[in-house]
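Let me begin by presenting the structure, written as structure tokens, before commenting on it.
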Amino acid sequence: MTLNHELRYGSVQHPFHLEYNRRKGHFSMATDHMHRHYELYYLFGGERYFFIKDRIYPVRSGDMVFVPSNEVHKTLDTGVPNHERIVLYFNMEYFDQMVDNEAELLLTPFHHGNRVIHLAEPEKLRIEHLLYDMLREIQDQSPGYEQPLTLGSLSERFYLSPSHLSRTFKKNTGFGLIEYIGITRTKEAQRLLRETDERITVISERSGFENFSHFEKVFKSFTRMSPRSYRSGFHQKET
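Structural data, given as structure tokens:
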């Protein structure tokens, strides 16, 4: 499937948002700018100059650029036409959802002296596979591609009143709708905690939870333990 020339997800008001562009010809940003979001820029193809703070960096295909919060920056044309890029924006509310050591780990590249990292071919292929999968999901907008599921949104989708949907769901399943969603997502999180070595914050997202604190709260309510304790206990049983 071919991606649109431009895709966007979220907005500046959200803890996370992104924008993707595949531009033809020559392009330079008109002015320097800064914002409170941390910015992660990846260049799929083409060449760019990236001005950050007081220095210009040459950027080529496979380069990842880290721009800290509130640091002046802009991108410039190199004379080579056409480029394809994605920019992911994270504000501090995004990192506040995580446990301290994970947030610190993810923020480290933004505070490192080297603003541009060139990925080796294996890492480049893996990162691009993940990014393109995400962009295809945003473009397709299949049912459920946005994680929040609420009684109101589901009742609109099925053209039923919230009260009627709630009663019908409980009559046929024995569970309240929100309770059922929590159980289903917790079971998926348990499977991922047992079968993968992925970070718990990633598992939280993959299981459909809106943020890490909500994930921990729901997980504990059904399992009587934290996700970290569940994983540790399962691994101890194996040994």
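According to the UniProt record's numbering, the stretch in the sequence shown is residues 1 to 239, in order. Glycine included, C-beta positions come from ideal geometry on N, C-alpha and C.
Here Leu76 carries a strand assignment [DSSP, helix/strand/coil]. In the DSSP annotation of this structure, the continuous segment of the alpha helix (DSSP H) that includes Arg191 starts and ends at 177-195. Comparing C-alpha distances from Ser232 to each of Leu192, Phe215, Phe110 shows the shortest one belongs to Leu192. Separation of Asn4 and Leu107 (C-alpha to C-alpha, rounded to the nearest whole angstrom) is 30 Å. Under the three-state reduction of DSSP, Met34 is assigned to coil, being neither helix nor strand. Distances from the CA of Gly62 to each of His83, Asn70, Lys53, Gly45 were compared; the closest alpha carbon is that of Gly45. A Cβ-Cβ separation of about 5 Å places Phe219 in contact with Thr186 under the 8 Å criterion. In the DSSP annotation of this structure, the continuous segment of the beta strand (DSSP E) that includes Asp63 starts and ends at 63-67. The beta carbon of Glu39 sits closer than 7 Å to those of Val67, Val87, Tyr89, all from its chain and outside the five residues before and after it, given in chain order.
No Cβ-Cβ contact shorter than 9 Å links Thr75 with Phe110.
Take His118, set aside five residues on each side of it, and the residues of its chain with a beta-carbon closer than 7 Å to its own are Gly62, Asp63, in chain order. Of the residues Asp54, Glu19, Lys53, the one whose Cα lies closest to the Cα of Tyr41 is Glu19.
Ser213 and Met98 have their C-alpha atoms spaced approximately 7 Å apart. For His112, the three-state secondary structure derived from DSSP is coil. In the DSSP annotation of this structure, the continuous segment of the alpha helix (DSSP H) that includes Asn172 starts and ends at 162-173.
Sequence-distant Cβ neighbours of Thr31 in its own chain, meaning closer than 8 Å and more than five residues away, are Lys74. The three-state reading of DSSP puts Val12 in coil, since its state is none of H, G, I, E or B. By the neighbour-count criterion, in which a residue is buried when 16 or more other Cβ atoms sit within 10 angstroms of its Cβ, Pro122 is exposed.
In the DSSP assignment, Pro122 is bridged to no other residue. The shortest CA-to-CA distance from Thr184 to any of Glu93, Thr168, Thr223 is the one to Thr223. Burial is judged here by how many other beta carbons sit within 10 angstroms of a residue's own beta carbon; Ala120 has fewer than 16 and is exposed. One thing to note: Lys24 has its Cβ within 9 Å of the Cβ of Asn82. Using a 10 angstroms sphere on the CB of Leu125, the tally of other CB atoms stays under 16, which defines it as exposed. The straight-line gap separating the alpha-carbon atoms of Asn101 and Phe95 is approximately 10 Å. Across the set Glu71, His35, Asp140, the C-alpha of Asp140 shows the shortest separation from the C-alpha of Arg8.
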